[in-house]
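Shown next, in C-alpha cells, is the structure this report addresses.
Protein chains: 2
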Amino acid sequence: MAVGASAAERSVVGIGDDAAVWRSGERSYIIATTDTMVAGVHFLPGQVAWADVGWKAMAVNVSDIAAMGGTPTFALVTLALPPETAVTDVDALYAGLRECADVYHVTIAGGDVVSAGELSITVALMGEPLVSDDGEPMLLRRDRAAHDDVIAVTAPLGSSAGGLRALLAGDADAQPRLVEAHMRPLPRVDAGVIAVRAGVVCGMDISDGLVQDLGHICRASGVDAELRTDLIPMYKDLIEAYPDDARMMAMTGGEDYELLLVGQPDTIEVADRVLRDYLEMDARQLHLVGQMKGKGEGVVRVLDPDGNPVDVGTGGWDHMRGDAGR
Amino acid sequence: MAVGASAAERSVVGIGDDAAVWRSGERSYIIATTDTMVAGVHFLPGQVAWADVGWKAMAVNVSDIAAMGGTPTFALVTLALPPETAVTDVDALYAGLRECADVYHVTIAGGDVVSAGELSITVALMGEPLVSDDGEPMLLRRDRAAHDDVIAVTAPLGSSAGGLRALLAGDADAQPRLVEAHMRPLPRVDAGVIAVRAGVVCGMDISDGLVQDLGHICRASGVDAELRTDLIPMYKDLIEAYPDDARMMAMTGGEDYELLLVGQPDTIEVADRVLRDYLEMDARQLHLVGQMKGKGEGVVRVLDPDGNPVDVGTGGWDHMRGDAGR
Chain A
1 MAVGASAAER SVVGIGDDAA VWRSGERSYI IATTDTMVAG VHFLPGQVAW ADVGWKAMAV
61 NVSDIAAMGG TPTFALVTLA LPPETAVTDV DALYAGLREC ADVYHVTIAG GDVVSAGELS
121 ITVALMGEPL VSDDGEPMLL RRDRAAHDDV IAVTAPLGSS AGGLRALLAG DADAQPRLVE
181 AHMRPLPRVD AGVIAVRAGV VCGMDISDGL VQDLGHICRA SGVDAELRTD LIPMYKDLIE
241 AYPDDARMMA MTGGEDYELL LVGQPDTIEV ADRVLRDYLE MDARQLHLVG QMKGKGEGVV
301 RVLDPDGNPV DVGTGGWDHM RGDAGR
Chain B
327 MAVGASAAER SVVGIGDDAA VWRSGERSYI IATTDTMVAG VHFLPGQVAW ADVGWKAMAV
387 NVSDIAAMGG TPTFALVTLA LPPETAVTDV DALYAGLREC ADVYHVTIAG GDVVSAGELS
447 ITVALMGEPL VSDDGEPMLL RRDRAAHDDV IAVTAPLGSS AGGLRALLAG DADAQPRLVE
507 AHMRPLPRVD AGVIAVRAGV VCGMDISDGL VQDLGHICRA SGVDAELRTD LIPMYKDLIE
567 AYPDDARMMA MTGGEDYELL LVGQPDTIEV ADRVLRDYLE MDARQLHLVG QMKGKGEGVV
627 RVLDPDGNPV DVGTGGWDHM RGDAGR
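Structure (C-alpha cells):
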C-alpha cells in the first residue's frame with residue numbers, strides 16, 4: 001500500500017552482476033551487495049591481524065559497489081561470534097571495518113551480533129550510481145561488452161596472489177608490499193565513477209582473477225575476448241619475488257580488487273586521461289590488455305606476443321590455496 | 327565525488343532503533359535492517375522444517391521494517407553452508423524464504439553463498455517509509471514516547487512462546503496454532519503503515535517480549551510505563567494449553583512479532599478504526615495494555631487490577647529455553 005510501483009518493476013539489475021540495483025525514487029537508485037568472510041574459509045585466524053580481517057570484510061563489499069560504477073554510502077555489519085571470542089579481537093576487527101569505512105566515506109548504520117559456533121563477518125553495503133540527465137542510472141554492467149571493445153585494467157595485477165603466497169610460505173616480512181596488497185586491498189571507487197562518466201558501460205571488479213572474471217563478462221555479453229600475456233601489467237616486487245610465476249599470478253590470481261573495464265577505445269582513453277588528472281599521475285592508469293573479438297560462446301583466448309594460445313588452466317581460484325588452479 | 331551530502335549527513339536513524347534510515351533522494355528514504363539465524367543457536371535442525379526456518383529468517387527482518395512503520399522492498403540473502411549440507415534442505419530453506427518474501431512483496435535481489443562450518447542464514451532487508459507532504463519520513467521510533475501516551479499491541483501475545491514450549495515438550499501436534507505462531511510469524515506491515523498514517527510516531531516490534539521491549543521504548547524516551555496484567559490479550563489456545571503460565575508468556579515471551587504502539591489516545595483510536603476497516607474485522611485490533619507515566623528512568627511497572635506490583639523477573643528472553651527468565 002505504500003509503494004506505487006511493485007518492487008519487481010523497480011528492479012534495474014538483479015542476480016548475476018556484482019551487485020543489485022533498484023530505483024528508490026524519482027531520480028535515485030540503490031546499489032546493494034553483501035559478502036561474508038568465514039574464519040578458516042576466507043582467512044586463517046592467528047595468521048592475520050583482526051584489523052586486517054575487518055578491513056578486508058568491508059573492502060570486498062566496497063569493491064562490488066565500485067564494480068558497478070557506484071559510490072558506497074551505508075553498511076550493515078553482522079558479526080557471528082563464538083562465545084569464547086576475546087573482546088580485544090572483536091574490537092580490533094571492528095576497528096579495521098571502521099578504518100576502511102572511513103576511507104570510503106561509508107557510514108555503518110546498523111547490524112547484528114549473534115552467537116555462533118564459528119566466527120564470520122557479513123557486510124551488506126549500499127551505494128548509489130551517477131544518474132544521467134534523463135534520469136537513468138549510469139552503471140558498469142557485465143553484459144554490455146561489444147565486438148572491438150578494448151579491455152583495460154586499473155593497475156598491475158597479481159600482487160594479492162603474491163602476498164598470499166608469501167604469507168603461506170612464512171615470507172611475509174620479505175614481501176611487505178605484496179602482503180599489504182593482499183590484506184588491505186584498495187577498491188577502485190574513483191576509477192569506476194570516472195569510467196561511467198567517460199561513457200564506459202561494461203566492467204566488473206577483479207576478485208577471481210583476470211581470466212576468470214573476463215570470462216564472466218564474455219559469457220554475459222555473448223562476445224569472445226583475446227588477452228595478450230605480454231600486455232598484462234605487474235609490479236616489480238611481484239616479478240622479483242616470483243619470477244617464474246608472476247605472469248600467471250597476474251592473469252589468474254584473485255583478490256586484486258582492481259577494475260576490469262571494457263569499452264570503445266575513445267571512452268577508455270577519456271577515462272584514462274581523467275583518472276590521470278584526478279590522481280595527478282603522468283603514467284597511464286588504464287592498462288590495455290586485450291580486445292573483444294566477435295560474437296561467440298563467450299570464450300577468453302590467452303595469446304602470447306606471437307599469437308600462440310597459452311594454457312592458463314581452468315583459471316579457478318581457491319581462496320586458501322592461492323595457486324589459481326594450475 | 328558522486329554524492330552531494332555526505333553519508334553521515336543523510337542518516338536519519340542510526341544504530342539503536344529496529345532499523346537504520348537514511349535519505350536516498352529528494353523525497354525518498356531507505357530503511358535497512360539485517361538479522362541472522364544460526365543453526366543450533368536460533369533453531370534446532372532436525373526439529374523444525376527447513377522451509378519454516380527460511381520463512382522465519384525472512385519474517386524477522388520484515389518485522390524490523392514493520393517496526394519502523396515501513397514497507398519492505400528488496401532483500402539480500404546470504405547462506406553459509408557446511409559442505410555436507412543436502413541440496414534438498416537448501417532448496418526447502420530457499421522455498422521458505424521466497425514464500426515469505428512473496429507474501430510481503432519483497433524481491434530477493436541478490437546475496438552470497440559461502441562455505442562454512444555451521445549453517446546460518448543472514449538476510450539484509452531494505453524498505454521505505456511513507457513520506458509526509460513536507461518531504462519527511464513518517465516513522466515509528468523508540469524514542470518518541472510521551473507522558474500520558476497509551477500503550478497498545480496489535481494482537482494477543484504469548485502464542486509464539488506457547489508454540490516453542492509445545493515443540494520442546496514434543497507436544498507440537500496438540501498445539502498446531504501455537505506452533506504455527508512460533509514457526510511462521512506474520513509481521514504487521516499493515517498495522518505499522520496504518521499507525522504512522524494515523525499519526526502514531528512511537529513503536530517497535532515485539533521480539534524479546536512485551537515487558538522487555540516496552541523497556542527499550544521507556545529508556546529511549548526517558549518515560550516510565552505502567553502495564554496492567556489483566557489487559558494483556560491472549561488467545562484461548564494459549565490459556566487452555568498453559569493455564570498457569572499463559573499470562574506470563576504473554577508478558578515476557580518473545581518472538582510474537584506483533585507491534586507495540588505508543589501514542590496519544592486519539593491517534594491510537596484512529597489507527598484501530600482504520601485497521602478494522604482494512605482487515606474487515608468488527609473487533610478491536612489495537613489492544614490497550616497500559617499507559618506512559620511521567621518522565622523517569624524508563625522503568626516498566628507491571629500492575630495487577632488492584633494496582634499492586636507484579637514481579638515478572640528480568641524479562642530476559644532466551645531463544646532456546648523459552649522460559650523468559652522466570
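So the protein lines, in turn, are chains A and B. So that you can map any letter, position 201 of the first sequence is 201 in our numbering, and since no number is skipped, the others follow by simple counting. Each number in our numbering comes from the position in the second sequence (counting from 1) with 326 added on. We put the beta carbon where it would ideally sit given N, CA and C, even for glycine. Computed from a prediction, not measured in an experiment: that's the story for all the values here.
Residues bridged to residue i by DSSP?
i: ASP361(B); result: VAL449(B)
i: SER115(A); result: LEU81(A)
i: GLY622(B); result: For GLY622(B), which the question treats as bridged, DSSP gives no partner whatsoever.
i: TRP22(A); result: SER11(A), ILE30(A)
i: LEU419(B); result: DSSP lists no partner for LEU419(B).
i: ILE108(A); result: ALA75(A)
i: VAL549(B); result: LYS621(B)
i: MET138(A); result: LEU130(A)
Can you pull the chain A residues whose beta carbon is under 8 Å from the beta carbon of residue i, in chain order?
i: MET452(B); result: ILE30, ALA32, MET126
i: GLY633(B); result: Within chain A, no residue comes near GLY633(B); the closest Cβ sits about 39 Å away, beyond 8 Å.
i: SER337(B); result: PHE74, THR107, ALA109
Is there at least one Cβ from chain A nearer than 8 Å to residue i's Cβ?
i: PHE369(B); result: no
i: GLY443(B); result: yes
Is the shortest distance between the beta-carbon of residue i and the beta-carbons of chain B less than 8 Å?
i: ASP112(A); result: yes
i: ILE206(A); result: no
i: ALA20(A); result: yes
i: GLY25(A); result: yes
i: ASP318(A); result: At ASP318(A), the pLDDT of 41 sits below 50, so the modelled position is not reliable and the matter cannot be decided from this model.
Could you name the residues of the same chain whose beta carbon sits closer than 8 Å to that of residue i, not counting the 5 residues immediately before and after it, in chain order?
i: VAL522(B); result: GLY395, PRO455, LEU456, MET464, LEU465, LEU466
i: ALA500(B); result: ALA492, ALA567
i: THR107(A); result: THR73, PHE74, ALA75, ALA101
How should residue i be labelled, buried or exposed, when 16 other C-beta atoms within 10 angstroms of its C-beta is the threshold for buried?
i: ARG176(A); result: The residue you asked about is not Arg; residue 176(A) is Pro in the sequence shown. PRO176(A) comes out exposed.
i: ARG10(A); result: buried
i: LEU44(A); result: exposed
i: GLY461(B); result: exposed
i: ALA517(B); result: buried
i: LEU423(B); result: buried
i: ASN308(A); result: exposed
i: THR414(B); result: exposed
Output, in chain order, the set of chain B residues within a Cβ distance shorter than 7 Å of residue i.
i: ASP35(A); result: ASP438
i: SER63(A); result: Ordered by position in chain B, no residue passes the 7 Å Cβ test against SER63(A), which lies about 13 Å from the chain.
At 8 Å on the CB atoms, spell out the chain B contacts of residue i, in chain order.
i: ILE121(A); result: Simply none; closest approach about 10 Å.
So with CB distances below 9 Å, who are the chain A contacts of residue i?
i: ILE341(B); result: ILE108, ALA109, GLY110, GLY111
Apart from the five residues just before and just after residue i, which ones in its own chain have a Cβ nearer than 6 Å to its Cβ?
i: ARG510(B); result: TRP381
i: ALA435(B); result: PHE400
i: VAL310(A); result: THR229, VAL302, ASP304
i: GLY541(B); result: VAL626
i: LEU261(A); result: ALA152, ALA195, VAL200, GLY203
i: PRO265(A); result: VAL150
i: ASP632(B); result: none
i: ALA365(A); result: The first residue shown for chain A is 1 and the last is 326, placing residue 365(A) beyond what the model contains.
i: ALA250(A); result: LEU157, GLY158, ILE232, MET234
i: GLN285(A); result: ASP272, LEU275, ARG276
i: GLY453(B); result: ILE357, ILE391, GLY396, THR397, PRO398, THR399
i: GLY296(A); result: ASP224
i: ALA59(A); result: CYS100, PRO185, PRO187
Please compile the residues from chain A whose C-beta is within a distance smaller than 7 Å of the C-beta of residue i.
i: ALA406(B); result: THR36, VAL38, SER120
By the criterion of Cβ-Cβ separation under 9 Å, what are the contact partners of residue i in chain B?
i: LEU214(A); result: Under the 9 Å cutoff, chain B gives no residues; its nearest Cβ is about 21 Å from LEU214(A).
i: LEU351(A); result: With chain A covering 1 to 326 only, the question about residue 351(A) has no answer from this structure.
To which residues of the same chain is residue i closer than 7 Å at the C-beta, ignoring the five residues directly before and after it?
i: GLY437(B); result: LEU402, VAL403, THR404
i: GLU552(B); result: GLY616, GLN617, LYS619, ARG627, LEU629
i: VAL396(A); result: As shown, chain A starts at 1 and ends at 326. That puts residue 396(A) outside it, with no answer to give.
i: VAL338(B); result: VAL347, TRP348, ARG349, TYR355, PRO463
i: ALA146(A); result: VAL223, MET292
At a Cβ threshold of 8 Å, is residue i touching chain D?
i: PRO371(B); result: Among the protein chains of the structure shown, namely A and B, there is no chain D.
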